[in-house]
Every structure is written in C-alpha cells, then in structure tokens.
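Structure record follows, encoded as structure tokens.
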DNA sequence: GCCATTCTGTCAATGCATTGACAGAGATCG
DNA sequence: CGATCTCTGTCAATGCATTGACAGAATGGC
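Chains as they are written, first to last, in my numbering: chain B, 2 to 155; chain F, 2 to 155.
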C-alpha cells in the first residue's frame, strides 16, 4: 500500500460528507414520516426524547442545558418548545433554585405520547438499520462521536 | 457474550441516530461558516460540487438528475438554483435533445469560485476528520451508505 | 392529431436552523 | 446598594426542507 495522494484523501472526505448530508436529509424526511400519526418531527422527537430520560423526567431540564444537549440555538429551541407547549406535551416551570432559569418538563400527556411513539420509532430503527449488524452500529456510533468532536473544533 | 436485549438494541440505535442528528447540524453550521467568505451554504456547496464533477462540468445536469443525485425536492432545489443563478454562478439552458428539460451548468464564474473554495473546504475536512484515520473514514463512508439504503426503504 | 405522461416552475403552508440585536428579570459580587 | 453577568424570550432576516396543488410546455404512444 502506497501513501494516498492529497487528491485521494480529499475525495474520500468528500464522499464521507456527501453521504452524511444525504443521510441527514433522509433521517429528517423519513423519521418525520414515521411519526406522521403523531404530527411530530424528528426535532421534536429529539426534544421529547431528551426530556423523557429517566434521570430527567421528574425534574426536567433548564433551557440552557437542553440547548447544550441538543446543540441548537436558543431561538430555534424556543420555537420548538412553543409548539410542544401549545400541544400540552410539555411545560416550562420556574426553577426554584434560580429564578432566571426555567425547567422544561414533560406533562403527563407528553409522557403518554412518548410511550405511544416507541413502537413506530422501534420500527423505524429496525427498517433503517436493516443493512447494519449490531457491531456495525456500535462502530458507527463511535465514528460519529469522533466526527462530532472534530466538527466542534472546526 | 449473551444476546443483547431489545432494550439494549433500541438504545444502541437511539444513540446512533442522535449522534447523526448532532453531526448533521454541526456540518451545516460549521460547514457554512467555513465558506463564510463566499457567502455559500453547505447545500449550495453540494449543488456546485455536483455540477463541478469532471463528467458533468461540460454539459451540466438536468434538474431531474440533480434532484435524484442530491435527493432533495424540486421545490427546494429550485430555490437554491435561483440563488446561485442570481449570483451568476450557474445557468439553466434548454436541453437540445429534450425541450422539457433544462441543463444546469456552472458558469465560468461558478467554476472560478469553486476552485477558490477548494482550500477552505480542504481545511474544513482536515479539521473535522482530525480524530479519524483514513481507514476510519472509508469504513465510515461504507456504514453511511448502508444506512442510506435502509433509510431509503424505511 | 389527440391524449397521456414527463419535466420544470411556481404558489402556499409549515417547520427547522442560523445569526444579530434588544430587553427584562434574577443572581452575584464588590 | 449598584454594577455586572446570566438566563430566557422575542423580533427580524435569511436559508434549507418538506408536502400538496396547479400550470405550461414538450414528448411519446396510439
């Protein structure tokens, strides 16, 4: 094996990012379609999923922490939270410890809907990961995490 | 090694898709930032990159083929093409073989800008892939391709 | 020639995502 | 107490992305 040329290195990276771009679009499109019955997008799915975690469910998360967790802007997150709050899936309550913060918490209705969404989500996962073994998926997640670190620094 | 439980399988998939979601957002944000000097987004970058390929550059691509290649909707692509056309980076010319089609082709200005963009793009690639070896990247691209097939079917 | 199909474009609605700027309320520190 | 910083929310602009619906022009089959 000889050293790859700069050109080959560039094209390899190009292929990688192009496929990432395609997968991201497909995730949004088909993920949202999978949750069509709930009128829920992948972004809302991510927000609810974050709030439904066992260690979070009871007390909720501050907006700041949710921003950091999802890595989206405050203005963007605010709009998504507004939509979910309007539907009564979550509520924003003042933090007793710090009056500036608001804790975002799933309502009972939100938890019920999240529970109901598990079946179509599992089906979506199964169909999407059809060509990937369990080991592939673990490796995949590791590579994504390394890429995330690099993208964060870039 | 025992068989993984359904719960573990679900959580592995969950982690995978969440990281994909994060990487996609970071790609858009930081990729666009890398091309800030050109006022070009990652989406426009993808379009120009498709049209700049050697086998395409001379004759251009039809809108239909570009849609299939990028896997985006006609209405979305149309707006992106409008912006690039306004900046005189590309042109839409009638296909001589089929009057319904229009061939989208880079202008000289578009090609010049694409050439100038190569350096910042290479720098972005290098920084983003800092934690990934060449072998990692090849493996990564393969996994993304398998996921794309699954997502397409889902 | 006529009809159906294809290719493209547009209009409208909705939602995601960024940035910059401004504001108010609460916390913190001197 | 007063200045500063933090957390949140909002307004505005821009761009990406989807869907559904309608329209016009060109092609192809019969």
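A virtual CB, placed ideally from N, CA and C, is assigned to each residue, including glycine.
Small disclaimer: the values here were computed from a predicted structure and weren't measured.
- The beta carbons of residue 27 of chain B and residue 149 of chain F sit closer together than 8 Å.
- Remark: C-beta atoms of residue 106 of chain F and residue 91 of chain F approach each other more closely than 8 Å.
- For residue 47 of chain F, the closest alpha carbon among the candidates F:72, F:132, F:95 is that of F:72.
- Residue 42 of chain F has a beta carbon lying at 8 Å or more from every beta carbon in chain B.
- Excluding sequence positions up to five before and after residue 68 of chain B, its CB lies within less than 8 Å of the CB of 74, 75, 78, all in the same chain and listed in chain order.
- Fully contained in the segment 76-105 of chain B are the following beta strand (DSSP E) runs of length 3 or more, in chain order: 91-95.
- Within the segment 12-41 of chain B, the residues whose Cβ lies closer than 9 Å to any Cβ of chain F are, in chain order, 13, 14, 15, 16, 17, 18, 19, 20, 21, 22, 23, 24, 25, 26, 27, 28, 29, 30, 31, 32, 34, 35.
- Residue 110 of chain B is classed as exposed because its beta carbon has fewer than 16 other beta carbons within 10 Å across all chains shown.
- Contact with chain F is absent for residue 118 of chain B, since none of that chain's Cβ atoms lies less than 8 Å from the residue's Cβ.
- Between residue 122 of chain F and residue 53 of chain F the beta-carbon gap is near 11 Å, outside 8 Å, which marks them as no contact.
- In the DSSP assignment, the residues bridged to residue 63 of chain B are B:104.
- For residue 11 of chain F against residue 126 of chain B, the beta-carbon gap comes to about 7 Å, under 8 Å, which counts as contact.
- Within chain F, the residues 147, 150, 151, 154, 155 have their CB atoms less than 9 Å from the CB of residue 131 of chain B, given in chain order.
- Contacts between residue 139 of chain B and chain F, judged by CB atoms closer than 8 Å, involve 13 in chain order.
- Closest in C-alpha terms to residue 108 of chain B, from the list B:131, B:99, B:82, B:119, comes B:82.
- In terms of CA proximity to residue 114 of chain F, F:41 leads the group F:18, F:30, F:57, F:41.
- Per DSSP, reduced to three states, the secondary structure at residue 139 of chain F is helical.
- Residue contact with chain F for residue 73 of chain B: present (Cβ-Cβ distance below 8 Å to some residue of chain F).
- DSSP, read as helix, strand or coil, puts residue 68 of chain B in helix.
- Every alpha helix (DSSP H) of 4 residues or more that sits fully in the segment 5-43 of chain F is shown, in chain order, as 7-35.
- The beta carbon of residue 136 of chain F sits no closer than 8 Å to any beta carbon of chain B.
- Judged by DSSP in its simplified three-state form, residue 116 of chain B adopts helix.
- Under a criterion of Cβ atoms nearer than 8 Å, no residue of chain B is adjacent to residue 67 of chain F; the nearest Cβ is some 13 Å distant.
- Taking the Cα positions, residue 30 of chain F is about 8 Å away from residue 43 of chain F.
- Going by C-alpha positions, residue 145 of chain B is about 16 Å away from residue 134 of chain B.
- Residue-level contact by beta carbon fails for residue 80 of chain F and chain B, as no gap is shorter than 8 Å.
- Of all alpha-carbon atoms in B:130, B:151, B:129, B:93, the one lying nearest the alpha-carbon of residue 60 of chain B is that of B:93.
- Across the structure, residue 96 of chain F and residue 66 of chain F are spaced so that their CA atoms are roughly 13 Å apart.
- Pairing residue 139 of chain B with residue 37 of chain F, the inter-Cα distance amounts to about 35 Å.
- Contact of residue 123 of chain F with chain B by beta-carbon distance below 7 Å involves 11.
- Short of 6 Å from the beta carbon of residue 70 of chain F, and not among the five residues preceding or following it, lie these beta carbons of its own chain, in chain order: 51.
- Taking 8 Å as the cut-off, the Cβ atoms of residue 85 of chain B and residue 45 of chain B count as close.
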